Each structure stands twice: as C-alpha cells, then as structure tokens.
Amino acid sequence: MNSATNDGFITTEAPKPSQSISGLLLLAATIAAMIWANSSAGDSYHAVWELPIAGMSLHHVINDALMALFFLMVGLEIKYELQDGALTSIRQAALPIVGAIGGMLVPATIYTAIALGTPAASGWGIPMATDIAFALGIMALLGDRVPAGLRIFLAALAIADDIGAVLVIGLFYTSTVSTAALAAVIVIMGALMLCNKRGVHSPWPYVLLGVVLWVAVYRSGVHASIAGVLLAFTIPARGASSVEHQIEHALQFPVSYGIIPLFALANAGVVIPDNLSALATAPATLATASGLLIGKPLGISGAAWLAVRMRWASLPAGATWYGLFGVSMLGGIGFTMSLFVAALAFGSSTHLDAAKLGVLGGSLCAGVIGATLLALRGASRDGHGSDNGKNNRTITPTPP
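Residues 1230 to 1629 in our numbering are what the sequence shown spells out, letter by letter.
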C-alpha cells in the first residue's frame, strides 16, 4: 500500500488493464447469480447459502466473516491514505472529501424523499457508497483517457466514501448492543495497540487477536465486518516489510479475486417476478436507483463545484468540469457496499430484492454513462487536441 510499491488505490500512474480483472469477476459473478436465481434450479440458489457452517449459515459466513477481511483491506487503505497518501492534509483532501460528503448526503436525501412513509424508508444508507473495485476497474479499461488528477480524485473520494459507509453501518444499522461484548472489544483493542506500541513486527499476534476481536464484535451486536476496520488501525505501518504491508499483500489476491466475487454471487441473485413492473416500481427500487444514478453524480460534482467556487480546493491538474462529471457518474456504482447495506437494512424482507434490483440497475446505468462520457472525452482530445495537451500531464499529489 505504500507509494514505493504502488500497491495502493491512489496512484499517479495510469492503471494497467489487468487491474480491471477484479471488476470483471464481480460482473461475471453478478450475472451468474442472476441466471442461477432465475433458472429452473433457482430453489438451489437460496438453499446453498443457507447451508449450516459452524453454527452459521454459509450466507452469514460470507457476509459476516469473510467480508471482515474485505473491511480489513479497506481499513488498511484508509489508514495509509490518512497517514501518507492523498488524504494526509486538508489541502490535498479537500476536493475528494467534500465530494464524498455531497455524494453521500444527496443520494440519502433523494432516497428518503422517494421512500418516505413506506417500510422501505430504512434503506436510506444503501445508495451512499461507491464500489471502488468496479469504479477503478472501469478506469483501468479507459487507460490514459482519464487524467491522473481525476483518477486520484475518484480513488480518494471512494476511500472517503468508505469511511462514511463504515460510520453509517456502525451507528445506524446496529440493532442491539451487548455492553459486556463491547467491553471485551475495548480490552482487545488495547492489547492490539500495546503490541503496536511495543514494536511487535510479527503479523501473527495481530492475526490471532484479530480473530478474537471479530468474535467480540460479532457478539456485541455491531456488524462483525467492522472488526476488520478496527484491526486495521492497530496494525504497524510504514516500510516495505511492515506488518501492514505483509497483511495487505497476503489478503490482496484472495479478497479481490475470491471473497468479493463470492459475495456478489451470494447476494446479487434477484428473483425476477412475472410482474416485473411491480418490482421495478417498488419504493426501494426507485429510491435506490435514483440515489445512485442521480444523487451520486449530482452530489459529488455539485459539492466539488461548491468547494472550488468557495476556494477551498481547485480542480485537479488537467481536469475539466466535463471530466469531473464523468468521474462523478462512476461514483454512482454502488454495488458491493450498497448490497451489503441493503442486507443490513432489510434482512430477508420482501424489500431486499427490490433494493438489490435498484442497486444493480442504478450501478449499471451509472457505470455505462460515466464510461461513455469519459471515453468520448478521450476520443475528442486525441482526435482534435482540444485540451492542448494539458490532460496528458501526470501529476503528483501536493505533499503535506
């Protein structure tokens, strides 16, 4: 995750096409889930995920246990960007942070306005997050058509978005809380921080205490995936051989190419009813799709415009408002985190399929529109040189 290895999401270098593989696997898993759930073997789709494993269903093992590893990866990236990366200083972070705030508040407001007074109103957090794997996967496919400044903006915005999503999950989608288990969480966190302070550089104490931390968080009533973020902030950082780098390197392949596609396969299967119009016009569907497709790009670009207008920040080098709006459209790809919040908001209720359909439809449209806008911008620049070469600059974030 450090800049020396270029393992982080935020980099001035043009992404390689191979970096889109994770996003393509997500797409393939989503399509497979939809086909499986609506095939003649559709009953087996739901039956498989209810298979018992260690006192939990397979579905809960994926969503509660394996996704904690995904959140650990997210937490490590957030920590790096806050300490040494693009979110280090107010000056560097102003535009993506303000954009992320707008990109969370506007979709939540649109969702609430549409679903207010219905049982689906509790899903207001669903369209608030950006799926970094999908968004950066599309960036990788577009290559150098997107200026480095806009790539940094989108990646930093997605990281700030993840911070907001984690806070929303922890504060608003936690039902009951066990004070005894929370006390255990505090004790374990203290032990982890002590390991850090005393310079323990073997990953195993953090791994073992991390497992115990997961159990305590799981029993506390707070969603167990939050344990991954808590663990990330206690792990020693800095240096190519740091514990943070070792753990991130060990998790990168299984999380990106195994856990996330598996999560999509287990959660994206929406059974399409004969009367599709009823599901498509359900409040949860309309509110979620509108939040992602309309709320995210308007919230991100509108907040960014305000930040520039108020002179809190400036446009990234080589960027135009057209390009920033195209990137803001990619911010409407909610997918992984949106499906995750939908499961927390609705459980197994009838609103869950509607919310899933809204996530899939809104994310697909936002991704296609955003990619098309950016591709057309790149084609125009290459064909006519209208940007006078400015968009070809490779920039380095301003040091803190």
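Think of the CB as a built atom: it goes at the ideal place given N, C-alpha and C, for glycine as much as any other residue. Since the model is a prediction, treat every value here as computed from it, not as a measurement.
Spatial neighbours of residue i within its chain, please: CB distance less than 6 Å, with the 5 preceding and 5 following residues excluded, ordered by chain position.
i            : result
residue 1353 : 1337, 1340 and 1341
residue 1390 : 1329, 1358 and 1359
residue 1534 : none
residue 1560 : 1332, 1359, 1525 and 1529
residue 1335 : 1524, 1527 and 1528
residue 1439 : 1460
residue 1349 : 1512, 1513 and 1580
residue 1256 : none
residue 1425 : 1463 and 1465
residue 1346 : none
residue 1344 : 1350, 1512 and 1516
Could you name the residues of the same chain whose beta carbon sits closer than 7 Å to that of residue i, not counting the 5 residues immediately before and after it, in chain order?
i            : result
residue 1274 : 1265, 1266 and 1498
residue 1449 : 1406, 1407, 1410, 1411 and 1414
residue 1613 : Reliability of the predicted coordinates at residue 1613 is poor, the pLDDT of 45 falling under 50, and the value obtained from them is presented with this limitation in mind. Taken in chain order, the list of residues that qualify is empty.
residue 1631 : The structure shown has nothing for residue 1631, since the chain only spans 1230 to 1629.
residue 1399 : 1451 and 1455
residue 1351 : 1574
residue 1518 : 1587, 1590 and 1591
residue 1254 : 1486 and 1490
residue 1289 : none
Take residue i and list the residues in its own chain whose beta-carbon comes closer than 8 Å to its own, dropping the five residues that flank it on each side.
i            : result
residue 1617 : With a pLDDT of 41 at residue 1617, under the threshold of 50, the modelled position of that residue is not reliable, and no figure is offered here.
residue 1453 : 1293, 1294, 1297, 1443, 1446 and 1447
Give me the residue from the options with the minimum Cα distance to residue i.
i            : options                   : result
residue 1551 : 1574, 1527 and 1565       : 1527
residue 1545 : 1378, 1529 and 1431       : 1378
residue 1472 : 1453, 1284, 1302 and 1296 : 1302
residue 1501 : 1251, 1262 and 1253       : 1262
residue 1402 : 1439, 1251, 1424 and 1573 : 1573
residue 1435 : 1451, 1465 and 1455       : 1465
residue 1304 : 1282, 1364 and 1393       : 1393
residue 1566 : 1375, 1364, 1483 and 1594 : 1364
residue 1540 : 1371, 1324, 1269 and 1477 : 1324
residue 1327 : 1289, 1383 and 1287       : 1383
residue 1396 : 1258, 1578, 1427 and 1458 : 1458
Secondary structure at residue i, three-state DSSP: helix, strand or coil?
i            : result
residue 1434 : helix
residue 1485 : helix
residue 1282 : strand
residue 1360 : coil
residue 1462 : coil
residue 1353 : coil
residue 1342 : helix
residue 1500 : coil
residue 1600 : helix
residue 1519 : helix
residue 1619 : Below a pLDDT of 50, predicted positions are generally treated as unreliable, and residue 1619, at 41, falls in that range; the measurement from the model is reported next regardless. Helix.
residue 1514 : helix
residue 1408 : helix
residue 1453 : coil
residue 1577 : coil
residue 1421 : helix
residue 1347 : coil
residue 1567 : helix
residue 1592 : helix
residue 1471 : coil
The stretch 1555 to 1574 touching the stretch 1594 to 1609, judged by at least three CB pairs closer than 8 Å: yes
Please specify which runs of the alpha helix (DSSP H), each continuous and at least 4 residues long, are wholly inside the stretch 1523 to 1561, giving them in chain order. Taken in chain order, the complete alpha helix (DSSP H) segments of 4 or more residues contained in the stretch 1523 to 1561 are 1525 to 1538 and 1550 to 1559.
Cβ contact (3+ pairs, closer than 8 Å) linking the stretch 1472 to 1484 and the stretch 1426 to 1433: Judged by Cβ distances under 8 Å, the stretch 1472 to 1484 makes contact with the stretch 1426 to 1433, as three or more pairs qualify.
Would you say the stretch 1499 to 1509 touches the stretch 1304 to 1319, given that touching needs at least three Cβ pairs under 8 Å? no
Which runs of the alpha helix (DSSP H) fall wholly inside the stretch 1247 to 1329 and span at least 4 residues, in chain order? Counting only runs of 4 or more, we get 1250 to 1266, 1271 to 1278 and 1296 to 1312.
Please give the ranges of any alpha helix (DSSP H) in the stretch 1368 to 1402, keeping only runs that are unbroken, at least 4 residues long and fully inside the region. 1377 to 1401
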